[in-house]
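These protein sequence lines are chains A and B, in that order.
For the first sequence, position 60 (counting from the first letter as 1) is numbered 60 according to my numbering, and the numbering increases by one without interruption.
For the second sequence, position 238 (counting from the first letter as 1) is numbered 491 according to my numbering, and the numbering increases by one without interruption.
Note that the Cβ used here is the ideal one computed from N, Cα and C, for glycine as well.
Here the structure is laid out as structure tokens; the discussion comes afterwards.
Protein chains: 2
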Amino acid sequence: MFSVFIIGTGKLAKNLANAFINNGIELKGVYSKTLSHAKEFSTLFNIPCVDDLAEVPSDCDVYILAVSDQAIEEVSNQIEVNGIVVHCSGMESISVLNKHKQSGVFWPIQTFSNNYYADFSNSPICIESNDSNDLRILEFLSDKIGAKTIFVSEIQRQQLHLSAVLVNNFSNHLFVLAQKFLEENDLPFEILKPLIHETVSKLEILSPSLAQTGPALRNDLGTLQKHQELLAHHPSLLSIYKLLSESILQNKS
Amino acid sequence: MFSVFIIGTGKLAKNLANAFINNGIELKGVYSKTLSHAKEFSTLFNIPCVDDLAEVPSDCDVYILAVSDQAIEEVSNQIEVNGIVVHCSGMESISVLNKHKQSGVFWPIQTFSNNYYADFSNSPICIESNDSNDLRILEFLSDKIGAKTIFVSEIQRQQLHLSAVLVNNFSNHLFVLAQKFLEENDLPFEILKPLIHETVSKLEILSPSLAQTGPALRNDLGTLQKHQELLAHHPSLLSIYKLLSESILQNKS
Numbered sequence: 001m002f003s004v005f006i007i008g009t010g011k012l013a014k015n016l017a018n019a020f021i022n023n024g025i026e027l028k029g030v031y032s033k034t035l036s037h038a039k040e041f042s043t044l045f046n047i048p049c050v051d052d053l054a055e056v057p058s059d060c061d062v063y064i065l066a067v068s069d070q071a072i073e074e075v076s077n078q079i080e081v082n083g084i085v086v087h088c089s090g091m092e093s094i095s096v097l098n099k100h101k102q103s104g105v106f107w108p109i110q111t112f113s114n115n116y117y118a119d120f121s122n123s124p125i126c127i128e129s130n131d132s133n134d135l136r137i138l139e140f141l142s143d144k145i146g147a148k149t150i151f152v153s154e155i156q157r158q159q160l161h162l163s164a165v166l167v168n169n170f171s172n173h174l175f176v177l178a179q180k181f182l183e184e185n186d187l188p189f190e191i192l193k194p195l196i197h198e199t200v201s202k203l204e205i206l207s208p209s210l211a212q213t214g215p216a217l218r219n220d221l222g223t224l225q226k227h228q229e230l231l232a233h234h235p236s237l238l239s240i241y242k243l244l245s246e247s248i249l250q251n252k253s
Numbered sequence: 254m255f256s257v258f259i260i261g262t263g264k265l266a267k268n269l270a271n272a273f274i275n276n277g278i279e280l281k282g283v284y285s286k287t288l289s290h291a292k293e294f295s296t297l298f299n300i301p302c303v304d305d306l307a308e309v310p311s312d313c314d315v316y317i318l319a320v321s322d323q324a325i326e327e328v329s330n331q332i333e334v335n336g337i338v339v340h341c342s343g344m345e346s347i348s349v350l351n352k353h354k355q356s357g358v359f360w361p362i363q364t365f366s367n368n369y370y371a372d373f374s375n376s377p378i379c380i381e382s383n384d385s386n387d388l389r390i391l392e393f394l395s396d397k398i399g400a401k402t403i404f405v406s407e408i409q410r411q412q413l414h415l416s417a418v419l420v421n422n423f424s425n426h427l428f429v430l431a432q433k434f435l436e437e438n439d440l441p442f443e444i445l446k447p448l449i450h451e452t453v454s455k456l457e458i459l460s461p462s463l464a465q466t467g468p469a470l471r472n473d474l475g476t477l478q479k480h481q482e483l484l485a486h487h488p489s490l491l492s493i494y495k496l497l498s499e500s501i502l503q504n505k506s
């Protein structure tokens with residue numbers, strides 16, 4: 001049976017572990033430097049755990065380093081294993097895993113939260129490896145959890161990571177700002193949810209350029225001015241409003 | 254039978270006409286100052302059309318001014334009708350309709366496109382009127398097309414309009430910018446769609462503040478720096494990247 005060992009117990013580790021277990025991949029165990037985290041993860045998924053990198057078993061097919069970008073190289077240098085060692089970063093080079101004969105990148109383009117498992121089915125996972133056999137194995141692993149495998153170069157992966165920040169982190173932040181602004185004015189954010197859903201549903205039918213609407217696109221100076229007056233006491237949001245409105249006008253197709 | 258007359262033939266007019274006809278509201282006709290637009294709309298919905306405001310019938314229950322904010326007052330002043338005259342603006346005051354005994358606001362919080370009908374069911378429509386009977390009639394009209402009626406003051410409507418720009422226009426613009434950036438680098442925007450869908454699906458379970466992720470939230474200076482290097486030749490996008498990243502960090506809860 002194909003076996004995986006996970007290093008790290010954060011949101012990505014939990015989401016991958018859940019997907020592996022639900023799709024017939026053997027999870028051989030988990031490592032965390034914090035024993036309580038390792039034990040909690042162990043109980044959650046009913047798998048062995050260790051808190052010492054020297055105790056990581058050496059005979060798994062794939063080792064997943066689901067740790068922060070800053071920790072990847074250090075952790076990689078401390079494990080002695082056979083099998084493919086992969087990291088899950090959108091930005092780090094595969095070369096930080098150079099200690100190992102077999103290495104790769106396994107980066108799901110997805111956003112993960114606590115207490116909520118993301119759906120990997122048809123969700124993209126970017127893979128990289130310098131060895132074509134290892135690439136096949138990583139593709140198999142991505143296929144097993146129902147993901148859509150994307151073969152990318154390092155620079156393409158970084159470009160995708162930046163773009164993911166634009167469409168996910170920044171969009172979600174606009175939702176945060178709208179929620180704060182509405183709640184200050186005793187209006188519930190709930191009211192905007194159908195509009196947000198429609199914004200995304202439209203993408204199945206129209207390209208985002210064709211779906212663009214609003215006062216900036218129409219160069220409706222009266223509305224732009226009134227909106228800025230509503231933001232008179234919100235200098236940070238006002239700067240964002242001005243910059244994005246200008247950008248919409250500049251990008252008008 | 255409850256009857257409505259629509260003034261204007263744009264995206265909003267088409268979407269409302271379609272919803273009215275599908276929900277048992279009689280559409281008495283449409284006006285456009287451009288005869289070809291009036292005729293096209295007339296054919297599309299099989300209703301009478303006029304291109305002279307003097308010919309607008311005076312006996313409809315509600316007159317919907319689905320025209321640009323700038324045109325509302327002028328059009329309102331040129332029609333002689335009984336029934337409630339409403340505009341559909343998120344920003345304009347109800348007072349621009351003062352010529353008429355019965356007036357109101359009927360503003361759907363939604364984004365409309367050509368060749369694609371938005372779903373009004375459970376989508377909010379903000380209504381305003383100075384008369385409680387007129388308010389009931391507008392609520393009835395909103396109910397008939399399955400919308401969720403929201404009773405708001407003028408300032409609340411304007412605050413909602415501004416917030417709608419943040420969550421719809423600005424998010425969609427970020428999708429446009431991501432698409433352009435990816436296509437310049439021979440990567441399809443399609444790859445990001447599952448992430449975009451997940452971003453919005455999460456809102457059903459988590460508040461946007463709890464759903465926030467990414468390098469700015471983690472204050473991951475290495476990734477922030479590398480992203481900015483990727484944008485070295487995109488000064489406008491770089492400014493947006495910096496400003497939104499700073500705002501995420503400032504709003505960290």
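- For residue 170(A), which three-state DSSP category applies? Translated into positions along the first sequence, residue 170(A) becomes position 170. Residue state, collapsed to three classes: helix.
- Beta-carbon contacts of residue 113(A) that lie in its chain and below 7 Å, excluding the five residues immediately before and after: Here residue 113(A) refers to the residue found at position 113 when the first sequence is read from its first residue. Correct list, in chain order: 11.
- Helix, strand or coil for residue 5(A), going by three-state DSSP, please let me know. The sequence position of residue 5(A) within the first sequence is 5, counting from 1. Of the three classes helix, strand and coil, the one that applies to residue 5(A) here is strand, per DSSP.
- CA-CA distance, residue 252(A) and residue 421(B)? The residue given as residue 252(A) occupies position 252 in the first sequence. The residue given as residue 421(B) occupies position 168 in the second sequence. Going from the Cα of residue 252(A) to the Cα of residue 421(B) covers about 16 Å.
- Item | Backbone CA spacing between residue 377(B) and residue 361(B) [nearest angstrom] | Here the question's residue 377(B) lines up with position 124 in the second sequence. Here the question's residue 361(B) lines up with position 108 in the second sequence. Looking at the two C-alpha atoms, the distance is approximately 6 Å.
- Item | Same chain only: Cβ atoms within 7 Å of residue 134(A), ignoring 5 sequence neighbours per side | The count along the first sequence starts at 1 and reaches residue 134(A) at position 134. Cβ within range, chain order: 84, 102 and 104.
- Would a C-beta distance cut-off of 8 Å place residue 26(A) and residue 3(A) closer than the cut-off? What you label residue 26(A) is simply residue 26 of the first sequence in a count that begins at 1. What you label residue 3(A) is simply residue 3 of the first sequence in a count that begins at 1. Cβ distance < 8 Å, so residue 26(A) and residue 3(A) count as in contact.
- Message: What are the residues in the region 171-195 of chain A lying within 7 Å of chain B by C-beta distance?
- Response: 171, 172, 173, 174, 175, 176, 177, 178, 179, 181, 182, 185, 187, 191, 192, 193, 194 and 195
- Message: Please confirm whether residue 319(B) has its beta-carbon closer than 8 Å to some beta-carbon of chain A.
- Response: For this step, residue 319(B) is matched to residue 66 along the second sequence. No, because no Cβ of chain A sits closer than 8 Å to the Cβ of residue 319(B).
- Query: Can you find a C-beta in chain B that's less than 8 Å from the C-beta of residue 37(A)?
  - Reply: On the first sequence, residue 37(A) is found 37 positions in, with the first residue counted as 1. Chain B, which has no Cβ nearer than 8 Å to the Cβ of residue 37(A), makes this no.
- Cβ of residue 264(A) within 8 Å of any chain B Cβ: Because residue 264(A) is not part of the residues shown, which for chain A are 1 to 253, the question remains open.
- Query: Which chain B residues are close to residue 202(A), counting only those with a beta carbon under 9 Å from its beta carbon?
  - Reply: Within the first sequence, residue 202(A) is the residue found at index 202, counting from 1. Within chain B, the residues near residue 202(A) are 364, 366, 369, 371 and 425.
- Who are residue 359(B)'s beta bridge partners in DSSP? Here residue 359(B) corresponds to residue number 106 of the second sequence, with the count starting at 1. Residue 359(B) pairs with 380(B).
- Nearest-angstrom Cα separation, counted from residue 222(A) out to residue 342(B): Taking the first residue of the second sequence as 1, we reach residue 342(B) at position 89. Taking the first residue of the first sequence as 1, we reach residue 222(A) at position 222. Rounded to the nearest angstrom, the two C-alpha atoms are 12 Å apart.
- Message: Counting only Cβ pairs nearer than 7 Å, list the residues of chain A close to residue 476(B).
- Response: Here residue 476(B) is taken as the residue at index 223 of the second sequence, counted from 1. Here the neighbours are 69 and 91.
- Message: Please state whether the Cβ-Cβ distance between residue 272(B) and residue 373(B) is less than 8 Å.
- Response: One-based indexing of the second sequence puts residue 272(B) at position 19. One-based indexing of the second sequence puts residue 373(B) at position 120. The answer is yes: Cβ separation under 8 Å.
- Item | Distance between residue 200(A) and residue 427(B) (C-alpha atoms, nearest Å) | Residue mapping note: residue 427(B) aligns to position 174 of the second sequence, counting from 1. Residue mapping note: residue 200(A) aligns to position 200 of the first sequence, counting from 1. Looking at the two C-alpha atoms, the distance is approximately 12 Å.
- Task: Could you tell me which chain A residues have their CB closer than 7 Å to the CB of residue 403(B), listed as they occur along the chain?
- Result: Sequence index remark: in the second sequence, residue 403(B) carries index 150 (1-based). Neighbours of residue 403(B) on chain A, chain order: 191.
- Message: Give me, in chain order, the residues of the same chain whose beta-carbon lies closer than 8 Å to that of residue 75(A); leave out the 5 immediate sequence neighbours on both sides.
- Response: By one-based count along the first sequence, residue 75(A) stands at place 75. Within the same chain, residue 75(A) has close Cβ partners 7, 53, 65 and 67.
- Any Cβ of chain A within less than 8 Å of the Cβ of residue 418(B)? Here residue 418(B) refers to the residue found at position 165 of the second sequence. True, the Cβ-Cβ gap to chain A drops below 8 Å.
- Query: Measuring CA to CA, which of 371(B), 389(B), 335(B) and 385(B) is closest to residue 269(B)?
  - Reply: Here residue 269(B) is taken as the residue at index 16 of the second sequence, counted from 1. Selected option, being the one with the closest Cα: 371(B).
- Give the secondary structure of residue 87(A) by DSSP, where H, G and I count as helix, E and B as strand, and everything else as coil. Taking the first residue of the first sequence as position 1, residue 87(A) is located at position 87. In the three-state reduction of the DSSP assignment, residue 87(A) falls in the strand class, which pools E and B.
- At which residues does the alpha helix (DSSP H) containing residue 328(B) begin and terminate? Sequence index remark: in the second sequence, residue 328(B) carries index 75 (1-based). First-last of the alpha helix (DSSP H) with residue 328(B): 325-331.
- Message: Residues of chain B with CB closer than 8 Å to the CB of residue 48(A), please, in chain order.
- Response: Translated into positions along the first sequence, residue 48(A) becomes position 48. Simply none; closest approach about 29 Å.
- Task: Note down, in chain order, each residue of its chain lying with its Cβ closer than 8 Å to the Cβ of residue 406(B), except the 5 sequence neighbours on either side.
- Result: Locating residue 406(B) in the second sequence gives position 153, where the first residue counts as 1. The answer, listed in chain order, is 381.
- Query: Going by the beta-carbon positions, is the gap between residue 62(A) and residue 96(A) smaller than 8 Å?
  - Reply: On the first sequence, residue 62(A) is found 62 positions in, with the first residue counted as 1. On the first sequence, residue 96(A) is found 96 positions in, with the first residue counted as 1. Taking 8 Å as the Cβ cut-off, residue 62(A) and residue 96(A) do not qualify as a contacting pair.
- Message: Please confirm whether residue 144(A) has its beta-carbon closer than 8 Å to some beta-carbon of chain B.
- Response: Translated into positions along the first sequence, residue 144(A) becomes position 144. No, its Cβ sits nowhere closer than 8 Å to a Cβ of chain B.
- Item | Three or more C-beta pairs below 8 Å linking the region 475-491 of chain B and the region 156-164 of chain A | yes
- Item | Minimum length 4: unbroken alpha helix (DSSP H) runs contained in the region 198-228 of chain A | 208-211
- Message: From the DSSP secondary-structure annotation, give me the bridge partner or partners of residue 302(B).
- Response: Taking the first residue of the second sequence as 1, we reach residue 302(B) at position 49. In the DSSP output, where bridge partners are listed per residue, residue 302(B) has 283(B).
- Task: Would you check if there are 3 or more beta carbon pairs closer than 8 Å linking the region 485-495 of chain B to the region 175-193 of chain A?
- Result: no
- Query: Applying the criterion that 16 or more other CB atoms from any shown protein chain within 10 Å of the CB defines a buried residue, is residue 282(B) buried or exposed?
  - Reply: For the purposes of this step, residue 282(B) is taken as residue 29 along the second sequence, with counting starting at 1. Result: buried.
- Helix, strand or coil for residue 231(A), going by three-state DSSP, please let me know. As a first step, residue 231(A) is located in the first sequence; it is residue number 231 there, counting from the start. Three-state result, residue 231(A): coil.
- Task: Answer with buried or exposed for residue 430(B), where buried requires no fewer than 16 other C-beta atoms within 10 angstroms of its C-beta.
- Result: Mapped onto the second sequence, residue 430(B) falls at position 177. By the 10 Å Cβ count, residue 430(B) comes out buried.
- Task: Please state if the CB of residue 241(A) and the CB of residue 228(A) are separated by a distance shorter than 8 Å.
- Result: Counting from one through the first sequence, the residue named residue 228(A) turns up at place 228. Counting from one through the first sequence, the residue named residue 241(A) turns up at place 241. Yes, Cβ-Cβ distance for residue 228(A) and residue 241(A) is below 8 Å.
- State yes or no: is the beta carbon of residue 466(B) nearer than 8 Å to at least one beta carbon in chain A? Reading the second sequence from its first residue, position 213 is the one you call residue 466(B). For residue 466(B), the answer is yes, since a Cβ of chain A falls inside 8 Å of its Cβ.
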